[in-house]
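Those protein sequences? They're chains A and B, same order as listed. Under full-length UniProt numbering, the letters of the first sequence match residues 19 to 157, in that order. Under full-length UniProt numbering, the letters of the second sequence match residues 19 to 157, in that order. Cβ coordinates follow ideal geometry from the N, Cα and C atoms, glycine included. Report on the structure given below.
Number of protein chains: 2
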Amino acid sequence: AQSAARPDTTMAITRGAARLLTDMGFALVPELTLPNGRRADLAGLSRKGRIVIVEVKSCREDFAADAKWPSYLEFCDQFYFATGTNFPASVLPAGEGRIIADAYGGAIVTDAAERSLSGARRKALTLRFARQAAFRLTP
Amino acid sequence: AQSAARPDTTMAITRGAARLLTDMGFALVPELTLPNGRRADLAGLSRKGRIVIVEVKSCREDFAADAKWPSYLEFCDQFYFATGTNFPASVLPAGEGRIIADAYGGAIVTDAAERSLSGARRKALTLRFARQAAFRLTP
Numbered sequence: 019a020q021s022a023a024r025p026d027t028t029m030a031i032t033r034g035a036a037r038l039l040t041d042m043g044f045a046l047v048p049e050l051t052l053p054n055g056r057r058a059d060l061a062g063l064s065r066k067g068r069i070v071i072v073e074v075k076s077c078r079e080d081f082a083a084d085a086k087w088p089s090y091l092e093f094c095d096q097f098y099f100a101t102g103t104n105f106p107a108s109v110l111p112a113g114e115g116r117i118i119a120d121a122y123g124g125a126i127v128t129d130a131a132e133r134s135l136s137g138a139r140r141k142a143l144t145l146r147f148a149r150q151a152a153f154r155l156t157p
Numbered sequence: 019a020q021s022a023a024r025p026d027t028t029m030a031i032t033r034g035a036a037r038l039l040t041d042m043g044f045a046l047v048p049e050l051t052l053p054n055g056r057r058a059d060l061a062g063l064s065r066k067g068r069i070v071i072v073e074v075k076s077c078r079e080d081f082a083a084d085a086k087w088p089s090y091l092e093f094c095d096q097f098y099f100a101t102g103t104n105f106p107a108s109v110l111p112a113g114e115g116r117i118i119a120d121a122y123g124g125a126i127v128t129d130a131a132e133r134s135l136s137g138a139r140r141k142a143l144t145l146r147f148a149r150q151a152a153f154r155l156t157p
């Protein structure tokens, strides 16, 4: 049942986290491909050009299977894990942000550390975000 | 017949110009709202971050009715008018780029002058392009 439920759980958490970020003023691209080839579940771009990445974890096993989450950190100003209410908080690494979400919305329960993107990297990531969003508009 | 045909003509030219720009490697946002409130018919963003604006003119009257086209120039690296084959070339201002297009494709018949966006303006325009594209993905 767990494995069958996981995709639905992931979808619900993703939707709720997206609503939260949208309410916060971020423009969003789901599944943004990063320069290292990994795909961020949600990438947000604020009015001021700040970049946030959200990685959705449906359950403890989903987190345990992902050894590469730290490779997102260098591509954003803030990084959040998004989980459901039942996710065991102690499993997540200390110091990273956390969003709790369901299908209807979400809340930041732990603020993310502030990282500082270099100007060159921010420029490259903004361009990447822009082009991936536009290519999906006109396939 | 002219006025009834105009929207179809505009749509066909826009589609052909979009195909041309896509083939050239641009990611496109139609109807990009610029900082001055005007909307560019097509805005393109290249892999290197260059910005092109295309203004579609269906007929001589369509061009004559638009006194504000020079207000696009400061927001792009290159500016093109896109018209159909029957459009009288002499009507267009010398020195601006021209694309001739139909519904199936287009070609650059006059290269656009190179303009140089400041770093700050390019950054702001790229951010604007990115957010408008992303907001249309997830309405």
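Closer than 6 Å by C-beta to A/Gly55: which residues in its own chain qualify, once you throw out the five before and the five after it? Chain order, please.
none
Could you name the residues that DSSP lists as bridge partners for B/Phe99?
B/Glu73 and B/Arg116
Where B/Ala131 falls: helix, strand or coil (DSSP)
coil
I'd like the span of the beta strand (DSSP E) that includes A/Asp80, first residue to last.
Counting along the chain, A/Asp80 falls outside any beta strand (DSSP E), though it belongs to the alpha helix (DSSP H) covering Arg78 to Ala82.
Strand pairing of residue 174 of chain B, partner residues [DSSP]:
Outside the shown range of chain B (19 to 157) lies residue 174 of chain B, about which nothing can therefore be said.
Counting only beta-carbon atoms, is A/Gly67 nearer than 8 Å to chain B?
yes
So the alpha helix (DSSP H) B/Arg154 belongs to, where does it begin and stop?
Gly137 to Leu155
What residues from chain A crowd round B/Arg139, counting only those whose CB sits closer than 7 Å?
Going along chain A, no residue has its Cβ under 7 Å from B/Arg139, so there is no contact; the nearest lies around 13 Å.
May I ask you to verify whether the stretch 141–151 of chain B touches the stretch 143–156 of chain A, counting CB pairs closer than 8 Å and requiring at least 3?
yes
Hey, does B/Thr144 have any beta-carbon neighbour from chain A nearer than 8 Å?
yes
Within this structure, are the beta carbons of B/Val72 and B/Ala35 separated by less than 8 Å?
yes
For a contact defined as C-beta to C-beta under 8 Å, what are the partners of B/Ala47 on chain A?
Correcting the residue type first, residue 47 of chain B is Val in the shown sequence and not Ala. Chain A residues near B/Val47: Ala152 and Leu155.
Tell me whether B/Ser21 sits in a helix, a strand or coil according to DSSP, three-state version.
For B/Ser21, the pLDDT reaches just 49, beneath the cut-off of 50, and the residue's location in the model is therefore unreliable, although a value from the coordinates is still provided. It is helical.
Along chain A, in chain order, which residues have C-beta atoms closer than 8 Å to that of B/Leu63?
Leu145, Ala148, Arg149 and Ala152
If you drop the 5 nearest sequence neighbours on each side, which residues of the same chain put their C-beta closer than 7 Å to that of A/Met29?
none
May I ask you to report which of helix, strand or coil DSSP gives A/Ala125?
strand
Closer than 8 Å is the cut-off here; do at least three beta carbon pairs connect the stretch 75–93 of chain B with the stretch 133–147 of chain A?
no
What residues in the stretch 24–36 of chain A bring their beta carbon closer than 9 Å to a beta carbon of chain B?
Ala36
When the Cα atoms are used, what is the spatial distance from B/Gln20 to A/Ala130?
Residue placement at B/Gln20 is flagged as unreliable, the pLDDT there being 44, under the threshold of 50; the coordinate-derived value follows with that caveat. Taking the straight line joining both Cα atoms gives about 59 Å.
Please return the same chain residues whose Cβ sits closer than 8 Å to the Cβ of B/Glu114, not counting the five positions on each side in sequence.
Phe97, Tyr98, Phe99, Thr128, Ala130 and Ala131
How many Å lie between B/Leu143 and A/Pro106 at the Cα?
42 Å
Ignore the nearest five residues each way along the sequence and tell me which others in A/Val74's own chain have a CB closer than 6 Å to its CB.
Thr28, Ile31, Thr32, Asp59 and Ala100
Do A/Ala45 and A/Gly62 have their CB atoms nearer than 8 Å?
yes
Closer than 6 Å by C-beta to residue 159 of chain B: which residues in its own chain qualify, once you throw out the five before and the five after it? Chain order, please.
One cannot answer for residue 159 of chain B here, as it falls past the ends of chain B, which runs 19 to 157.
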